[in-house]
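**Q**
In our numbering, the protein residues as written are 320 to 547.
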């Protein structure tokens, strides 16, 4: 998903790209044809006849991403890992792709793990959210609960960085974390966020915090909530 420009084999037609997973599963030819056409229709590449014999270089970035989505759903999976599916697309195309994914999720009752650096797009899918920092757990809970009232200092900084479309807030100072992410080859001791955290204590620098249920259903890895 992450890069629609390199994830599709340039030597294969769209028909073969979509048909190949079904061939691996031993699906009969007539059924394969039907499912290839149906998958293209679901991702709004219509009429399918206009796309089925093309090659990836003949398509736009948004169209390639739709083919990637069609390939992901063509075997009717129960679970899809969508890793940055819109990060390399123009803003004008992102909403279209996210809407397609949401429609597919609801129609087929598929579970999605949506991986992103842009929390503003996660609202299209997420019932729950897990925020990570430097490869480690930071905060987990119901999406609306965490976004409305984040507990971990990194989660607070992340939410604060979401662009506000209200022009009256354009000059509001945003409290984002200073500094740079750590070197994962040699991460800092204790809590990995402590060099950037405005609330860091001595224990944060020495000992990794436990995962704490700070409020019902919301878990945070932070010494600030050890007393809960």
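For every residue, glycine included, the Cβ atom is placed at its ideal position computed from N, Cα and C.
1) Which of the three DSSP states is assigned to residue 403 in this structure?
2) Which two residues bound the contiguous beta strand (DSSP E) that contains residue 459?
3) So, is residue 536 buried or exposed, given that buried needs 16 or more other C-beta atoms within 10 angstroms?
4) Can you grab the Cα-Cα spacing for the pair residue 533 / residue 407, in whole Å?
5) So for residue 511, helix, strand or coil by DSSP?
6) How big is the Cα-Cα spacing for residue 324 and residue 503?
7) What are the start and end residues of each continuous beta strand (DSSP E) run of 3 or more residues lying completely inside the region 374-438, in chain order?
8) Buried or exposed: where does residue 410 fall if 16 or more other Cβ atoms within 10 Å of its Cβ makes it buried?
9) Take residue 383 and list the residues in its own chain whose beta-carbon comes closer than 7 Å to its own, dropping the five residues that flank it on each side.
10) For residue 452, list the residues DSSP reports as bridge partners.
11) Can you give me the Cβ contacts of residue 528 inside the same chain, cut-off strictly under 6 Å, excluding the 5 residues immediately before and after it?
12) Sorted by chain position, which residues of the same chain lie with C-beta nearer than 7 Å to residue 358's C-beta, five sequence neighbours on each side aside?
13) Residues bridged to residue 530 by DSSP?
**A** Per the coordinate set shown:
1) The answer is coil: DSSP assigns residue 403 none of H, G, I, E or B.
2) It spans 455-461 - the beta strand (DSSP E) in which residue 459 sits, taken as one unbroken run.
3) Its Cβ having fewer than 16 others within 10 Å, residue 536 is exposed.
4) Distance between the alpha carbons of residue 533 and residue 407: 36 Å.
5) Here DSSP, grouped into helix, strand and coil, assigns residue 511 to coil.
6) The straight-line gap from Cα to Cα measures roughly 28 Å.
7) Qualifying beta strand (DSSP E) stretches, in chain order: 398-402 and 430-434.
8) So residue 410 counts as exposed.
9) Contacts found: 323, 324, 327 and 375.
10) Bridge partners of residue 452: 455.
11) Excluding the 5 residues flanking it on each side, residue 528 has same chain C-beta neighbours closer than 6 Å at 510, 540, 541 and 542, in chain order.
12) Cβ neighbours of residue 358 beyond the five flanking positions: 337, 389, 392 and 393.
13) Residue 530 is bridged by DSSP to 540.
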